[in-house]
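Chains as they are written, first to last, in the numbering used here: chain B, 13 to 523; chain L, 13 to 172. To keep things clear, I will list the structure first and then write my remarks on it.
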C-alpha cells in the first residue's frame, strides 16, 4: 500500500513539537467555539481564517482542522450538561444525554459521548486515508463537463436529501450562487451585479456571509430564546471514566451502523447534523433497546455522536480529493486553501503530498488530543457557562464584528455581515437551510467556470453532459437526487420517515 | 403585536423573489445570450435569478395553500423587543466604529451591554470594557499583527 508510506511521511510532518502545539491550541479554541451557543464550527473557522494568512499552509490547516475537531466535541458538552446544543449537529445528543446526566450519571454520559465520538472520527479518518488518493486518481481523468456533473450531483443531493422544503433549499442555494457572482467575472473581466457600488467590485467574501448567517443570526436566535443555563453538575472521577470506556465495545452494532451512516452522509454532502439525526432515528428503529431511547439510553448517545463525528471528518474527503466540501465548515476550509494559493482537488495530491498527508496524519492526532482535552476541560466550561448570556452574547458579538472587519479591513463588510445576520435569523426560523448557501458561495465560481468551459468545448450543446458513460451516470444520479422529493411525495410515506411498510407498498405499486 | 409565521413566510419569499428579480436585471446588463466567445457573463446569473424566483413563487404557493391549518406565531411583541434591544446596539456599534474606530466602538458597546442590558454596576462595567479592549488590542496588534481600524481620536493620541 503506497498510502501507508505516505501516511508515515505525513506523521513525520504532523508530529513536530510546533504542530502538536498548534493542534492543542486549535482544539482548545474549537472547544470554546463548540461550547458557546451562537459560535459554531463554520463561524469559528471563518473568524480564525484571516489570522492564518501569514502562517505556512500546513500549520494553518492543522490549526483550522483542530479547531473543527474541538468544536465538534465541545458541542456535546453543553448538550449533555445543559440540554442546550452548542452545535446544531449535537442536537440529537440532548435526547438521551441530558436525561442520563439528570439521573446523576453525567460523567458516564460525557464519557460515552466522547469515546464514541472519537471512534466515529477515527473511522472517518481511516476512510479518508484509504479512499482519498484513490478518489483523487480517479478524478484526474475529469474534464470540465465531469467537474460540472460532480458539482451538479453535490447540489442535487442537498435538494434531494434535505429534510425540509426542497424549494427553500433551492432558494437558499441559488442565493448563494448569486452572491458568489457579485464582482469581477473571472472569464470576461466584466463587473457583474455591482450596480455601480464601488464596495462590491471586489465581490462578497464567503467569510462575511458565514459570520453573518451562522454567527450573528444564531446570536439573535439565542437572545430571543432568553437562554438560561441550568445545568447538571459533573464531578469527574477516573474510575467512572474507565468503567464507561470499557462499556463502549458492548454497543458495537450501533457503533458500526452509526459510523457507516456518518461516513456516507459526510462524503455525500449531507453533513454531520443530518447524519446524527438519521443515526438516532435508525438506532431507535432497529435497536433492541429502541423503546428506551429518550430516557437516558446509552445507545441513544452513542448513535448520534458516532455519526456526527464520522460525518464531520469524512466531509473533508471530497474537499481534498475533488475540491467539493461535504459540509459548511469544510466549505470554509476549502475557501481558505484557495486563499493560501493551494487548489484543492486531485492535483493537490501530486503537487503537495506533504500538505495532504500531513493534514491526514494530523487528523489522527488532533482527534486523540480532542478526546483527552474535552474530558479534562469539562469542569472549566461548566463554570464558564454559568455566566449569564447577557454577558457572553455581547462578547461573541464583538468577536464577530472584528472578524468581519479583519477579512479585508473594510468597514463595509461589517454592514454586510449585519445584513447576513438578519437573513440568517429569518431563514433559520423559517427552516431555510444555510449550509447550501455557503457551499454555493464557495463553489459558485468553480461550478460556473466548469459549466462555461464545457459548453464552450461543445459549442453550446448540453449534450456534452451526457457524452460519455461516466459523466452521463453522474448527471443521471444528480437528476435522480433532484427528483427524490417528488418521488417520495408520490409514494406517500416519506423517504426516511416511515420506511419499511411504506417502502414495501411503494415497491408494490411501482412494480 | 404578533407576526404570524405565514405572514413572515410570504414576506420572506417575496423578498427572495425580489432578490431574484434584481439578479436577473443585473444579468441583462452584462448580456444573457451567446456570442462568438461562448456564453456572455450574464448568462449563468440570469438563470440563477430565474431559479430563485421559481423557488420563491412555489414557497408562496405552498404557504397560501395550507393557510387554514397553520397558525404559528413567528415572533410576538415581547420577543421582538428583546431581539431589537440586542440588535440595535450592534448597529450603533458599527456606526461608531466606522467613525471613531473599532476600539472606541467596542469599549462603548461593552460598557452599554454590561451596564444597561446585563445590569452590572458602573465600575464593573467599565472594568469589563477595559479588559475586552486590552485583550483585543494585545491579540490583534501584538500577537497576530493585524491592525484594526483606529479612527481619528486614537490617531490624535499617536496610536496607529
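Ideal Cβ positions, reconstructed from N, Cα and C, are used throughout, including at glycine. None of these values were measured; they are calculated from a predicted model.
Reduced DSSP secondary structure (H/G/I, E/B, other) of residue 356(B)
DSSP places residue 356(B) in coil when its eight states are reduced to three.
Please report how far the alpha carbon of residue 484(B) lies from the alpha carbon of residue 424(B), in whole angstroms.
Between residue 484(B) and residue 424(B), the C-alpha separation is close to 44 Å.
Between which two residues does the alpha helix (DSSP H) harbouring residue 86(L) extend?
Counting along the chain, residue 86(L) falls outside any alpha helix (DSSP H), though it belongs to the beta strand (DSSP E) covering 85 to 87.
Just the chain B side, please: which residues come within less than 9 Å of residue 21(L) by C-beta, in chain order?
Counting only Cβ-Cβ distances below 9 Å, residue 21(L) has contacts in chain B at 442, in chain order.
Ordered along the chain, which non-local residues of its own chain (more than five positions away) have a Cβ less than 6 Å from that of residue 333(B)?
Counting only Cβ-Cβ distances below 6 Å, and skipping sequence neighbours, we find 144, 147, 148.
DSSP has residue 204(B) in a bridge; who is on the other side?
Paired residues: 195(B).
Give me the subset of the stretch 118 to 145 of chain B whose CB atoms are less than 7 Å from a CB atom of chain L, sorted by chain position.
Answer set for the stretch 118 to 145 of chain B: empty.
Classify residue 32(L) as buried or exposed, calling it buried when 16 or more other Cβ atoms lie within 10 Å of its own Cβ.
Residue 32(L) should be labelled buried.
Tell me the residue span of the alpha helix (DSSP H) that contains residue 490(B).
Residues 481 to 502.
Does residue 38(L) come within less than 8 Å of chain B when only Cβ atoms are used?
So yes, residue 38(L) belongs to the interface.
Test: residue 54(L) CB closer than 8 Å to a CB of chain B:
The Cβ of residue 54(L) sits closer than 8 Å to at least one Cβ of chain B.
Count the other CB atoms within 10 Å of the CB of residue 75(L); is the residue buried (16 or more) or exposed (fewer)?
With 16 or more other Cβ atoms within 10 Å, it is buried.
Output needed for residue 5(B): all residues of its chain with C-beta closer than 6 Å, excluding positions within five of it in sequence on either side, in chain order.
As displayed, chain B neither begins before 13 nor continues past 523, which places residue 5(B) out of reach and without an answer.
Return the CA-CA distance between residue 56(B) and residue 470(B), expressed in angstroms with no decimal places.
In this model, residue 56(B) and residue 470(B) are separated by some 42 Å (Cα to Cα).
Contacts around residue 458(B), its chain only, beta-carbon distance under 8 Å, and the 5 residues preceding and following it disregarded
Excluding residues within five positions, the ones whose Cβ falls inside 8 Å are 159, 163, 335.
Cβ of residue 134(L) less than 8 Å from any chain B Cβ?
Judged by the 8 Å Cβ criterion, residue 134(L) is not in contact with chain B.
Can you list, in chain order, the residues of the stretch 111 to 136 of chain L whose Cβ is nearer than 9 Å to any Cβ on chain B?
If you check each beta-carbon in the stretch 111 to 136 of chain L against every beta-carbon of chain B, the ones closer than 9 Å belong to 114, 117, 118, 121, 122, 124, 125, 126, 129, 130, 131, 132.
For residue 51(L), name the three-state secondary structure that DSSP assigns.
Here residue 51(L) carries a strand assignment [DSSP, helix/strand/coil].
Check whether the stretch 415 to 431 of chain B and the stretch 97 to 116 of chain B touch, using three or more Cβ-Cβ pairs below 8 Å as the test.
Taking 8 Å as the limit for Cβ pairs, the verdict is that the stretch 97 to 116 of chain B does not touch the stretch 415 to 431 of chain B.
The stretch 415 to 428 of chain B: positions lying closer than 7 Å to chain L by Cβ:
Within the stretch 415 to 428 of chain B, those residues whose Cβ lies closer than 7 Å to any Cβ of chain L are, in chain order, 417, 418, 423, 426, 427.
Any C-beta of chain L under 8 Å from that of residue 165(B):
No - not a single Cβ of chain L is within 8 Å of the one on residue 165(B).
Contacts that residue 458(B) makes with chain L (C-beta to C-beta distance below 7 Å):
Under the 7 Å cutoff, chain L gives no residues; its nearest Cβ is about 12 Å from residue 458(B).
Hey, which unbroken runs of the alpha helix (DSSP H) at 4 residues or more fall wholly within the stretch 21 to 71 of chain B?
Within the stretch 21 to 71 of chain B, the complete alpha helix (DSSP H) runs of at least 4 residues are 29 to 47, 53 to 60.
Please state if the CB of residue 86(B) and the CB of residue 42(B) are separated by a distance shorter than 8 Å.
Yes, the Cβ-Cβ distance between residue 42(B) and residue 86(B) is below 8 Å.
Is residue 15(L) helix, strand or coil when you go by DSSP?
Looking at residue 15(L) - three-state DSSP - the assignment turns out to be strand.
Listed from N- to C-terminal order along the chain, which residues in the stretch 372 to 402 of chain B have their beta-carbon within a distance smaller than 7 Å of any beta-carbon of chain L?
Shown in chain order are the members of the stretch 372 to 402 of chain B whose Cβ falls below 7 Å from a Cβ of chain L: 400, 402.
Closer than 7 Å by beta-carbon distance: list the chain B residues that pair up with residue 91(L), in chain order.
The contact set of residue 91(L) on chain B, defined by CB atoms closer than 7 Å, consists of 236 in chain order.
Report buried or exposed for residue 362(B), applying the criterion of at least 16 other Cβ atoms within 10 angstroms of its Cβ.
Answer is exposed; the Cβ neighbour count stays below 16.
Where do the N-terminal and C-terminal ends of the alpha helix (DSSP H) with residue 441(B) fall, by residue?
For residue 441(B), the uninterrupted alpha helix (DSSP H) run begins and ends at 423 to 441, by DSSP.
Using a Cβ cut-off of 8 Å, which residues of the stretch 56 to 85 of chain L contact any Cβ in chain B, in chain order?
Considering only beta carbons, the part of the stretch 56 to 85 of chain L lying closer than 8 Å to chain B consists of 56, 57, 60, 61, 63, 64, 66, 67, 68, 70, 71, 74, in chain order.
Less than 8 Å between CB atoms is the rule here; does residue 99(B) satisfy it with respect to chain L?
Chain L has no Cβ within less than 8 Å of the Cβ of residue 99(B).
Buried or exposed by the 16-neighbour rule on C-beta atoms within 10 Å, applied to residue 438(B)
So residue 438(B) counts as buried.
At the 8 Å Cβ level, is residue 160(L) part of the contact set with chain B, yes or no?
Chain B has a Cβ within less than 8 Å of the Cβ of residue 160(L).
Using 8 Å as the threshold, is the C-beta distance between residue 161(B) and residue 490(B) below it?
Yes.
Closer than 7 Å by beta-carbon distance: list the chain L residues that pair up with residue 202(B), in chain order.
Within 7 Å Cβ-Cβ: 42, 53.
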